[in-house]
Amino acid sequence: MAIKLITALGNNEEKYFQTRHNIGFRWLDQLAEMQHVTWQKSSHGKGMVGKINYDNQSAILLFKPGLLMNINGKPIADCARYFTIKPEEILLVYDDLDLEAGIIKCRKSVGHGGHNGVRDLANHIDISQTIRLKIGIGRPDSKLNTSQYVLQKPSPSDSKNIDHAIKNSLAHRGLLFSGQLNAYYEQLALINKMEKPNGI
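Per the working numbering, the sequence shown runs over residues 117 to 316.
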């Protein structure tokens, strides 16, 4: 099944832009920059929309929801419905506490895994068929609760590892565009085995 919509989860306020919880937006922004995407205000779901034209295929839509993390599900669902895009044709990018910083995985998952943004999206579409690209941010130590942790900037070492994962996962974006998902999964597995800048 070809991907027709690439979207991400994050908080659309400037004070959150560099936080762990906005890693999905960072990945999407870098993809848009690489593909010279022009963002426009969406009229079918609060947010910004753009498109990628790849190798004479139908355009792949990019959508960046314009609300806060925990209520961004409806804008994504509204966009998908307007363009009659099925859940299995959506790539959803977001941060993951259960993966070490710099580890990146792509697969279908049944539940929300405790992620409030995914939880909200599940109220609007069937997320069990949605393809998830999860970027690891690691878990906090016992002195910091999860809510505080995700709304902070990554440490310098974690940031290097996250940047490494984003850069290398985007290097193989052509596999995503052409629907070669198994090949893309294999490349991510190799990326995760690479030596990271800070030795994960």
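Built from N, CA and C at the ideal position, the CB exists for glycine as well.
Just so you know, these numbers come straight off a predicted model, no measurement behind them.
So the alpha helix (DSSP H) residue 272 belongs to, where does it begin and stop?
-> If you look at residue 272, you'll find it in the alpha helix (DSSP H) that goes 272-286.
Pick from 221, 253 and 247: whose alpha carbon is nearest that of residue 201?
-> The option with the nearest alpha carbon to residue 201 is 247.
Where the beta strand (DSSP E) through residue 203 begins and ends | Counting along the chain, residue 203 falls outside any beta strand (DSSP E), and DSSP gives it neither H nor E.
So residue 190 is in the alpha helix (DSSP H); what residue range does that whole segment cover?
-> First-last of the alpha helix (DSSP H) with residue 190: 189-198.
Inter-residue spacing [alpha-carbon to alpha-carbon] between residue 266 and residue 191 | Using only the alpha carbons, I get a separation of about 22 Å.
Measuring CB to CB, does residue 209 end up less than 8 Å from residue 286?
-> Note that the C-beta distance between residue 209 and residue 286 is not below 8 Å.
Determine which residues share a DSSP beta bridge with residue 124 and list them.
-> According to DSSP, residue 124 bridges with 209.
Neighbour-count burial assignment, residue 313, 16 or more Cβ in a 10 Å radius | Exposed.
Please list, in chain order, all residues of the same chain as residue 198 whose beta carbon is under 6 Å from its beta carbon, the five residues on each side excluded.
-> Apart from sequence neighbours up to five positions away, the residues of its chain that approach residue 198 with a beta-carbon distance below 6 Å are 160, ordered along the chain.
Contact between the region 223-238 and the region 156-173 (3+ Cβ pairs under 8 Å) = When Cβ pairs closer than 8 Å are counted between the two stretches, the region 223-238 is seen not to touch the region 156-173, the count staying below three.
What does DSSP give as the partner residues of residue 156 in its beta bridges?
-> DSSP output for residue 156 lists 165 as bridge partner(s).
What are the boundary residues of the alpha helix (DSSP H) that includes residue 319?
-> Look at the range of the chain in this structure, 117 to 316, and you will see that residue 319 is not part of it.
Where residue 131 falls: helix, strand or coil (DSSP) = If DSSP states are grouped into helix, strand and coil, residue 131 belongs with the helices.
Taking the alpha carbon of residue 291 as the point to measure from, which residue in 303, 132, 249 and 194 has its own alpha carbon closest?
-> Residue 291 has its Cα closest to that of 303, out of 303, 132, 249 and 194.
Residue closest to residue 129, alpha-carbon to alpha-carbon, out of 262, 180 and 216 | From the listed residues 262, 180 and 216, the smallest Cα separation to residue 129 is found for 180.
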